[in-house]
Amino acid sequence: MNPVATRTPAKSAQWTVSGPPLAYLVVFFAIPTLIMVLASFRTPGEFGGLAPLVDETGKLDLNIDSYTRFLTEPVYAQVFLKSVWYAMLTTLACLLLAYPLAALIAQSPKKYRDLLLLLVILPFWSNFLIRVYAWMIILGPNAALARAVNGALGVFGIAPVPLLFSSFAVLVCLVYVHLPFMVLPLYANLEKHDQALLDAAQDLGANAWQRFWRITFPLSLPGVYAGAALVFIPALGIFAIPDILGGPNDTLIGNLIKQQFLETRDWPFGSVLSIVLTLAALLLAGLAAWIGRRAAAPGAARA
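Heads up, the sequence shown stops at 654 in my numbering, and the numbers go up one at a time, no gaps.
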């Protein structure tokens, strides 16, 4: 049998399977990214957009003015750090809320798990913006929640505080939107744990906290890392929630990018902000993957 003829059908089958996804990534990710990188070195047009690539003298109009602007004006770095802070708070809150919920689902009888998982993903059945606008009603000044909170504050002599159009509203909605992305990876991990390990630890005298901290939590770290990445990265670049529920001091990096492309029409600077956001997301995703590999390495749990 000719080995070359044998390898040819195998390669053909491999390209048949991997070719369409690869083409999709090239067309809808790689090429737009290259266009954005090129646009970041261009000059804004007189009426917005991009100036001609070749100027009147026949020279390429490429520069680093937009990068210099980002590095020399501290307000943009402050907005970026604020976005990172909001994303970190969202990730931490989602982890604290999702872990017990995922554990409850994983420990429930099998006949109830599908129903509980359905309730977790049920919000995805409605439009994202509809769910965000619903929080405007929940947090509105005449809503029961606002009245209850301000009534409790009034007992202690504290002036009423607005819940809507505030950092509180932004964080609450960020957690609400991204919570299922933390629950599902955690459930997928916790559901696979061997109950015999916990029973053995209990027989050896470990209490409930020791069993959780020494066995359950270390084994669930891959799910924690996956959920953290699924929450942190989209929360870092989101713009709709701060636009709708946030106040004047709640502008995040996603809002800046939207403003540069749609309002200011400074496409080169918007491209720079997009590149910075993309690099930060890739760096954080790579860091999470590296930590996950180290945690899953043989001997890591014993160390």
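Every residue, glycine too, gets a C-beta built ideally from N, C-alpha and C. Given the structure is predicted, the values throughout are model-derived calculations rather than measurements.
Backbone CA spacing between Leu428 and Leu587 [nearest angstrom]
In the sequence on display, residue 428 carries Ala and not Leu. Using only the alpha carbons, I get a separation of about 14 Å.
With DSSP run on the structure shown, which of helix, strand or coil describes Leu329?
Outside the displayed range of the chain (352 to 654) lies residue 329, so it cannot be described from this structure.
DSSP-derived helix/strand/coil call for Glu397
Reduced to three states, the DSSP call for Glu397 is strand.
Rounded to the nearest angstrom, how far is the Cβ of Ile604 from that of Leu581, given a contact under 8 Å?
19 Å between Cβ atoms; not a contact.
Boundaries (first-last residue) of the alpha helix (DSSP H) holding Ser417:
It spans 416-423 - the alpha helix (DSSP H) in which Ser417 sits, taken as one unbroken run.
Measure from the alpha carbon of Ser571 to the alpha carbon of each residue in Asp594, Val534, Leu596, Ala559, then state which is nearest.
Minimum Cα distance to Ser571 is reached at Val534.
How is Arg644 classed by DSSP in three states: helix, strand or coil?
In the three-state DSSP reduction, Arg644 falls in the helix class (H, G or I).
When the distance is taken between beta carbons, is Ile592 closer than 8 Å to Val528?
For Val528 and Ile592, yes; Cβs fall inside 8 Å.
Check whether the Cβ of Asp601 sits closer than 7 Å to any heavy atom of the ligand NAP, and report yes or no.
Summarising the ligand content, the structure contains no ligands, and the ligand NAP is consequently not present.
Just the C-alpha distance for Ala520 and Arg498, rounded to the nearest angstrom, thanks.
In this structure, the straight-line span from the alpha carbon of Ala520 to that of Arg498 is close to 15 Å.
Can you tell me which residues form a DSSP beta bridge with Leu411?
As a beta-bridge residue in DSSP terms, Leu411 pairs with Val405.
What is the rounded straight-line gap between the Cα of Ala547 and the Cα of Leu638?
Roughly 32 Å between the two C-alpha positions.
From the DSSP secondary-structure annotation, give me the bridge partner or partners of Asp617.
DSSP, once it has assigned bridges, lists Gly400 as partnering Asp617.
At the 8 Å Cβ level, is Leu452 part of the contact set with chain D, yes or no?
Looking for chain D here will not work: only one protein chain is present.
I'd like the list of long-range same chain contacts for Leu413, defined as Cβ closer than 6 Å, with 5 residues on each side in sequence excluded.
For Leu413, where only same-chain residues beyond five positions count, the Cβ hits under 6 Å are Phe392.
Quick one: residues in its chain with C-beta nearer than 6 Å to the C-beta of Ala640, no 5 flanking neighbours on either side, listed in chain order?
Here the set comprises nothing.
Can you have a look at Phe379 and say buried or exposed, based on whether 16 or more other CB atoms are within 10 angstroms of its CB?
Answer is exposed; the Cβ neighbour count stays below 16.
Pull up the distance between the alpha-carbon of Leu522 and that of Ala577, whole angstroms please.
Per the coordinates, the alpha-carbon of Leu522 lies some 21 Å from the alpha-carbon of Ala577.
With a Cβ-Cβ cutoff of 8 Å, do Leu448 and Ile456 count as a contact?
8 Å or more divides the Cβ of Leu448 from the Cβ of Ile456.
Reduced DSSP category for Leu490 - H, G, I as helix; E, B as strand; rest coil:
When secondary structure is reduced to three states using DSSP, Leu490 falls in the coil class, being assigned neither helix nor strand.
Go ahead and label Ser363 buried or exposed: buried means 16 or more other beta carbons lie within 10 angstroms of its beta carbon, across all protein chains shown.
Ser363 counts as exposed, since fewer than 16 other C-beta atoms from the protein chains shown sit within 10 angstroms of its C-beta.
Within 10 Å of its beta-carbon, does Thr442 have 16 or more other beta-carbons around it, so buried, or fewer, so exposed?
Counting Cβ neighbours within 10 Å, Thr442 comes out buried, since at least 16 surround it.
Looking at Ala453 and Tyr538, is the spacing between their C-beta atoms short of 8 Å?
Taking 8 Å as the Cβ cut-off, Tyr538 and Ala453 qualify as a contacting pair.
Gly491 to Ile595, Cα distance in whole Å?
Taking the Cα positions, Gly491 is about 12 Å away from Ile595.
State whether the region 474-485 contacts the region 552-566, with contact taken as three or more CB pairs (one from each stretch) at a distance under 8 Å.
Contact between the region 474-485 and the region 552-566 is absent: fewer than three C-beta pairs spanning the two stretches fall below 8 Å.
Determine the direct distance from the alpha carbon of Cys524 to that of Arg653, and round the result to whole angstroms.
Residue placement at Arg653 is flagged as unreliable, the pLDDT there being 46, under the threshold of 50; the coordinate-derived value follows with that caveat. Spanning the two alpha carbons is a distance of roughly 39 Å.
Spatial neighbours of Ile489 in its chain, beta-carbon cut-off 7 Å, leaving aside the 5 residues before and after
Leu496, listed in sequence order.
Going by the CB atoms, is the gap between Ala390 and Trp564 shorter than 8 Å?
No. Outside cutoff.
Measure from the alpha carbon of Phe612 to the alpha carbon of each residue in Asn540, Gly400, Trp486, then state which is nearest.
If we check each option's Cα against that of Phe612, Gly400 comes out closest.
So what does DSSP say about Asn540, is it helix, strand or coil?
It is helical.
Close-in-space but distant-in-sequence residues of the same chain around Ala444 (CB under 6 Å, 5 per side omitted)
Take Ala444, set aside five residues on each side of it, and the residues of its chain with a beta-carbon closer than 6 Å to its own are Val526, in chain order.
In the DSSP assignment, find the unbroken alpha helix (DSSP H) run with Gln561 in it and report its ends.
If you look at Gln561, you'll find it in the alpha helix (DSSP H) that goes 559-562.
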